[in-house]
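In the numbering used here, the protein residues as written are 3 to 500.
Even for Gly, the Cβ is constructed at its ideal location relative to N, Cα and C.
I have placed the structure first, in the form of structure tokens, so that the comments after it can refer back to it.
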DNA sequence: TTTTGAGTTGTTCGA
DNA sequence: GTCGAACAACTCAAA
């Protein structure tokens, strides 16, 4: 092995700070620990496109990662320390870097996917064996997935008891502030051997640049995350209990892509929300509680992922292995493109494609449509969302798809089949949301915006629409599809199986 | 061990 | 038009 590239004295040996899914300076316990050592800090990020066990991030998530790393690098540089980027397996990159820099310790915040945990464990073991201090921290969750237990000591499978048990564990700790400055490493000016530029990571789409509109809608990075939280608390948390269901309004936090990249942590969200609650209500408020319970659902999803590492690929309830899914490429394609003929479904799918995000109410409607109206395997939908969502999360995405399918823990009963027209009329009453994303039917009166195929011919003509031309006829009939789904789900009920 | 109460998000039908 | 019941039992969590 080569000698260290920097001849550092032992008391000045640097510490490595490995950023992963925690691209922020505030509320970052690994960073706080590194700063507390009063040693030079080497901040690194390793993009691993090599390890076969890791699920590669989707295209949308990669675009986000580029912006997030750029923002992190800038705020680290402001504090006197650059961010060093690498490509490859951390198992290869990090031990080499430790040797080259003479690093005495490495700190990171935990990840919770099975493959990631295994790789981190292996690296930890290897580095400890060679005398390097290794410490990992919780920067991602309010509670560790393994510490929330039922009274009898097992994992929980129903949200309400889970959330109660979690909150009885302890108060949510206060987030630590971002450090004002970072002690630079002696070799700061030089590039570390093997490091690459942000452009070398190759995270941005090439031609076509489909992210053009996303650039105007989102601000990846810690500052963007803080701004999103502030906007939500200022404008939308009051009334959140009902407002959260309205895709035609800006009534949700839109924090999910920021949370996914770790530009903000759940502890920060928790305490900012509580502070706002005290200042504006002076008592417990249903709206604030409801918002925090959504953070609780994120915790629950990680709890489920920890119980079932293959949550994204295997039915949580095994009887769903016998479900008669249909293999219908044409219908799947119509769903992905937003051409099902059901405006609320199409608006959702096009919002996803254009903006990298979809309102949660509409996620349920579109997922239910794929699974129940089209009888297409939830895993195909999960994969599509994984590739197109900026917030694609290994726990949330998988758990939510399984919840809609009915195959998950504490899942929706099978007879709960969303009626796309009713959902549209209920939650997008004036059709503003549909008109934004399905402009070809924008000229229809409110009365018909969610069911153009029922509109009288003169009204369609006046709006300039020939169904099947500018906008498709429904690819399935709701009542027929509903009956078909009920029969399919009945075929795997426990009664039918016995 | 057994029992009991409860479980994010809906739709349709019939009175 | 509104409202309650049915949908179909099942599993989980706690006493």
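Per DSSP, residue 439 is one residue of the alpha helix (DSSP H) stretching across 434-439. For residue 385, the enclosing alpha helix (DSSP H) covers residues 380-390. Per DSSP, residue 47 is one residue of the beta strand (DSSP E) stretching across 43-49. Here the alpha carbon of residue 66 sits roughly 44 angstroms from the alpha carbon of residue 458. Under DSSP, residue 89 takes part in a beta bridge, and its partners are 49.
Per DSSP, reduced to three states, the secondary structure at residue 148 is coil, with no helix or strand assignment. Note that the stretch 140-154 does not touch the stretch 50-68; fewer than 3 beta-carbon pairs, one per stretch, sit closer than 8 angstroms. A Cβ-Cβ separation of about 19 angstroms leaves residue 480 out of contact with residue 407 under the 8 angstroms criterion.
Going by C-alpha positions, residue 359 is about 27 angstroms away from residue 87.
Taking 4 residues as the shortest admissible run, the stretch 232-274 contains the following complete alpha helix (DSSP H) segments, listed from N- to C-terminal end: 242-245, 258-263. One thing to note: residue 174 has its Cβ no nearer than 9 angstroms to the Cβ of residue 31. With contacts defined by Cβ atoms closer than 9 angstroms, residue 63 and residue 391 form a contacting pair. Residue 154 counts as exposed, since fewer than 16 other C-beta atoms from the protein chains shown sit within 10 angstroms of its C-beta. When DSSP states are grouped into helix, strand and coil, residue 193 belongs to the coil group. Shown here for residue 297: same chain residues with a beta carbon closer than 8 angstroms to its own, the five before and five after excluded, namely 144, 268, 271, 272 in chain order. Residue 356 and residue 123 have their C-alpha atoms roughly 38 angstroms apart. Residue 147 is a Cβ neighbour of residue 309, given a cutoff of 9 angstroms. In summary, residue 485 is exposed, with fewer than 16 beta-carbon neighbours lying within 10 Å of its beta-carbon over all protein chains present. Taking one beta carbon from each stretch, the stretch 369-388 and the stretch 237-251 have fewer than 3 pairs nearer than 8 angstroms; the two do not touch. As DSSP reads the structure, residue 167 sits in no beta bridge. With fewer than three CB-CB distances shorter than 8 angstroms, the stretch 422-429 does not count as touching the stretch 324-339. Comparing C-alpha distances from residue 113 to each of 83, 389, 90, 311 shows the shortest one belongs to 311.
Between the alpha carbons of residue 120 and residue 126 lies a gap of roughly 10 angstroms. Secondary structure of residue 110 (DSSP, three-state): strand.
Within a 10 Å sphere around the beta-carbon of residue 199 sit fewer than 16 other beta-carbons, which makes this residue exposed. In this structure, residue 238 lies away from residue 258, with their beta-carbon atoms at least 9 angstroms apart. In the DSSP assignment, residue 462 falls outside any beta strand (DSSP E) and lies within the alpha helix (DSSP H) extending over 459-464. Between the alpha carbons of residue 158 and residue 320 lies a distance of about 18 angstroms. Beta-bridge partners of residue 138 (DSSP): 110. Residue 17 has 43, 107 as its beta-bridge partners, per DSSP.
Closest in C-alpha terms to residue 367, from the list 235, 281, 137, 402, comes 402. Between residue 41 and residue 107, the CB-CB gap stays under 9 angstroms. Relative to residue 260, the option among 318, 74, 16 whose CA is nearest is 74.
Contact between residue 18 and residue 184 is ruled out by a C-beta separation of about 13 angstroms, above the 8 angstroms threshold.
By the Cβ rule, the stretch 469-476 counts as touching the stretch 333-343, because three or more pairs are nearer than 8 angstroms.
The Cβ-Cβ distance between residue 105 and residue 15 falls below 9 angstroms.
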